[in-house]
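Worksheet for the structure shown next.
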Amino acid sequence: AIPIQAKEVKSTCCYCGVGCGVLIQTEQGRITGVRGDPDHPANFGRLCTKGSTLHLSTRPEARLLYPELRRNRTDVRQRASWDESLDYVAERFAAIIREHGPDAVAFYISGQLLTEDYYVFNKLAKGLIGTNNVDTNSRLCMSSAVSGYKATLGADAPPACYEDIDHAACLFIAGSNTAYAHPILYRRIEDAKAKNPEMKIIVVDPRLTDTAQSADLHLAILPGTDVALFNGMLHVMLWEGLLDMAYINAHTEGFEALKNTVREYTPKMVADICGIKEADIITASKWFGAGPTLSMYCQGLNQSTSGTDKNAALINLHLATGQIGKPGAGPFSLTGQPNAMGGREVGGMANLLSGHRDLANPEHRAEVAKLWGIESVPEQPGKTAVEIFKAIGDGSIKAVWIACTNPAQSMPDLSSVLAALDKAELVVLQEAFQGTETTSYADVILPASSWGEKEGTVTNSERRITHLNPAVTPPVEARHDWEIATDFALRLGRLLDTTKDAAKLFPYTRPEHIFNEHRETTRGRDLDITGISYGLLDESGPQLWPFPEGSDTGVKRLYTDGIFQKENGKAQFVNTIYKSTAEKTDARHPLHLTTGRLRDQWHGMSRTGTVAQLFNHAEEPIISMNLGDMKRRSIEAGSLVKVSNKRGSLILRAQPSDEMMPAQTFIPMHWGSQFMNCLGSNALMPSAFDKTSKQPELKHAAIKIEKV
Ligand code: SF4
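Below is the structure:
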């Protein structure tokens, strides 16, 4: 027989926002291996344990392969054809919209989707149906970073790039266990430190994480006290003459009000609030102020009821020291998911519109309506993630379409979310993997394609767009996400009482058609990518935005000219005031619980949970505790404990950990009821959210622990 040549296809890793390039190896239509793409500027060939085992996560046995349907809640779902399933969903959506209006339906989608998928869902909701009820799990991930950037710099655009790590004299890592959550970026940090041992690394984290262990200075602040720390650092910088007054005067507004506020934030007061030493606050301020300083931050800042202020308070430090738009300097949010950035670019959230436009802005609504060829885009704000599930619970949203995410594990206050899903009239689940917690609530299952099977684009943390090529075809009857949404839109369009022509709105037969339409919506906007095409990405490799038509290359660093995306071109200091976490510890719930990622697992484990090797690092979820807290409760290492608060309880093994300060505990976020006999950590988390970003406080709850 003639040997069949193995093939390699360029794509990206589908886990985190580092956006590593991969080469997918195939033989006879099957994925057989994966290696890092040596030409991809995000990783230059490196992959972490998750990325390097991606090929092991493609077993068809783990996948949803056929549509399934039940017409009554009491029935068991049965295999159905695509036509029957999509017709049924279209009829139910149309009937609900006719009877209760367009806001009685909602779409809850995902930062795992490709930009093209996102674009179609967003247009389906806002353009065809006429509801802004389309939100995404990015709300749980990056929305505070978005609102922090917009409040200070005027646009949702990370100003720095990965290369800045090599130019920084100080790396200020806040609320991010980069070593676990963004491993390949962390390798780059290690390389930079090895090349320049003088570089200072400051880590702000309540835990002594792997990242914190390698820092020159670890600020183990109490959970949620970041704003006090950043204001305190500004206080010290003022006192020590570390501010760039010329920059402040030329390029910013609002400094005087903030200056008055931070006068109160003396090192003594901040040390008391944060539970750290005064001397460390002063050292951190001096290192940051000397610069160039690159701040890297993630969920510790974002998943908070003060998320927007935490982001803004950190950006305030960059503006006050003029450390932005220069090599090695700037605020740099690390994106949790692989394509949370792309989703924001197409406006795939309840408060956004295509091309970084704002729903609340009438001109932006008119521009998008014109681009889409419709009369108007609805003005009524859409419901965000937590609000969607609350509205399902109170009956105002009757039908929800969930794509590529698992809210029955990932939302806070899980018991309320599960009760809401139980109450919904119709739950549609578009998903690639079997057995996720949300599957049990679905009336209709639509099997979707997944990593290695899809074509489209993603944008990573540094604004870099990569074109993903399909290596194999989707298994059995699974279909592409954009294709399912388009097919549904055409069917729904025929049933709705509307003059809109769904066939004109959704003329796509290939992802490239969608990309080209999306690209046009960015013309003249801050993220203008009119110079990018699939062809260019294939020929020249992944590109940074903005990349307007006529350019030879994308832009590495934003705001180099000190002109910001505000109307008058000036950045805005936000007068940030410290507020404590939504929930405080008390006599009944005396311990702080924080949650986060492990090195080798991803989200709710629907993919990583299928790869045996990825359990070598941690076999089961444990609660990490301070040894003194365990001794006081006579809890032995490895014994089972009940972790509880008013929202729920979990039974887990407790282990002492040097990482934990007194009264602090930690549970990894990954395990849910699919893998253990109770709900996951988010059952304990409050649904309280930041009033601007609407991002819930998934990082902190007050708990008690009892021996079982
Ligand atoms: Fe994938 Fe992130 Fe690991 Fe890169 S760092 S291989 S994108 S999980």
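Counting in the UniProt record's numbering, the sequence shown runs from 3 upward without gaps. Don't be surprised by glycine CBs; every beta carbon is placed ideally from N, CA and C.
Residues surrounding the ligand SF4 [beta-carbon distance to nearest heavy atom under 5 Å]: Residues lining the ligand SF4 by the Cβ criterion, that is a Cβ closer than 5 Å to any of its heavy atoms, are Cys15, Tyr17, Cys18, Val20, Cys22, Leu49, Cys50, Lys52, Gly53, Pro185, Ile186 in chain order.
Evaluate contact between the region 312-320 and the region 91-101, counting only Cβ atoms and requiring at least three cross-stretch pairs below 8 Å. Taking 8 Å as the limit for Cβ pairs, the verdict is that the region 91-101 does not touch the region 312-320.
Sorted by chain position, which residues of the same chain lie with C-beta nearer than 6 Å to Pro104's C-beta, five sequence neighbours on each side aside? Closer than 6 Å at Cβ, skipping near neighbours: Ile131, Gly132, Thr133.
Lys644 to Trp673, Cα distance in whole Å? Rounded to the nearest whole angstrom, the C-alpha separation of Lys644 and Trp673 is 16 Å.
Classification of His619 by the beta-carbon crowding that lies within 10 angstroms, buried from 16 upward: Taking every protein chain shown into account, the CB of His619 has fewer than 16 other CB atoms within 10 angstroms, so this residue is exposed.
Quick check on the burial criterion: 16 or more other C-beta atoms within 10 angstroms. Buried or exposed for Lys701? Buried, by the Cβ-count rule.
Own chain, CB closer than 7 Å to Arg190, minus 5 neighbours either side, in chain order: Excluding sequence neighbours, Arg190 sits near Tyr164, Ile167.
Burial state of Val419, where buried means 16 or more other Cβ atoms lie within 10 Å: Of the other Cβ atoms in all chains shown, 16 or more fall within 10 Å of the Cβ of Val419; this residue is therefore buried.
Let me know the secondary structure DSSP gives Ser287 once reduced to three states. Of the three classes helix, strand and coil, the one that applies to Ser287 here is helix, per DSSP.
Does the structure place the region 176-195 close enough to the region 142-156 that three or more beta carbon pairs sit under 8 Å? In short, these stretches do not touch, since the Cβ pair count stays below three.
If you compare alpha carbons, which of Ser651, Asn363, His220, Asp528 is closest to Leu681? Each of Ser651, Asn363, His220, Asp528 was checked against the Cα of Leu681, and the nearest Cα belongs to Ser651.
Of the residues Phe691, Phe677, Asn647, Gln697, which one's Cα is nearest the Cα of Ala704? Nearest of Phe691, Phe677, Asn647, Gln697 to Ala704, Cα basis: Asn647.
Is Ile4 helix, strand or coil by DSSP? Interpretation of Ile4 is limited by its pLDDT of 43, a score under 50 that renders its predicted location unreliable; no figure is taken from the coordinates.
Closest residue to Phe549 among Arg346, Arg466, Glu70 (Cα-Cα distance): Ranking the options by Cα distance to Phe549, first place goes to Arg466.
Over the uninterrupted alpha helix (DSSP H) stretch that includes Pro513, give me the two end residues. Element bounds for Pro513: 513-523.
For Leu66 and Ala690, which I take to be in contact (beta-carbon distance under 8 Å), what is that distance rounded to the nearest angstrom? Rounded to the nearest angstrom, the Cβ distance from Leu66 to Ala690 is 34 Å, too far for a contact under 8 Å.
Boundaries of the beta strand (DSSP E) in which His469 is found, first to last residue: Looking at the DSSP string, the run of the beta strand (DSSP E) that includes His469 is 466-470.
Simplified DSSP state of Ser335, which is helix, strand or coil: DSSP places Ser335 in strand when its eight states are reduced to three.
Considering only the alpha carbon of each residue, which of Tyr443, Arg590, Pro670, Gln603 lies closest to Ser626? Taking only the C-alpha atoms, the option nearest Ser626 is Pro670.
What residues match up with Arg81 in a beta bridge as DSSP calls it? Its beta-bridge partners are Glu70.
With respect to the alpha helix (DSSP H) encompassing Ala422, which residues constitute its N-terminal and C-terminal limits? 416-425 is the extent of the alpha helix (DSSP H) around Ala422.
Helix, strand or coil at Tyr299 [DSSP, three-state]: It is a strand residue.
Under DSSP, the beta strand (DSSP E) around Met627 begins and ends at which residues? That run of the beta strand (DSSP E) goes 624-627.
Using the Cβ count rule (16 or more neighbours within 10 Å means buried), how would you classify Lys52? Burial call: buried.
Which residue wins for smallest C-alpha separation from Pro69, given the options Asp445, Lys425, Cys143? Comparing C-alpha distances from Pro69 to each of Asp445, Lys425, Cys143 shows the shortest one belongs to Asp445.
Can you tell which of Ala147, Ile531, Leu492 has its C-alpha closest to the C-alpha of residue 711? In the structure displayed, the chain extends from 3 to 710; residue 711 sits before or after that span and is not available.
What is the rounded straight-line gap between the Cα of Ala286 and the Cα of Ile579? Their Cα atoms are separated by approximately 20 Å.
Residues sharing a beta bridge with Leu642, DSSP: Answer by DSSP bridge pairing, in chain order: Arg655.
When DSSP builds the beta bridges, which residues end up paired with Asp360? Asp360 is bridged to Leu354.
Distance between beta carbons of Val205 and Ala217, contact taken as under 8 Å: Contact holds; Cβ gap of about 4 Å.
Nearest-angstrom Cα separation, counted from Gly526 out to Lys9: Roughly 40 Å separates the two Cα atoms.
Counting pairs of beta carbons, one from the region 595-607 and one from the region 233-251, are three or more of them closer than 8 Å? No: fewer than three Cβ pairs fall under 8 Å.
Could you say if the region 43-59 and the region 486-500 meet the contact criterion of at least three C-beta pairs nearer than 8 Å? Not touching, per the Cβ criterion.
Would you kindly work out how many angstroms separate the C-alpha atoms of Gly302 and Gln339, rounded to a whole number? Computed Cα separation, rounded: 15 Å.
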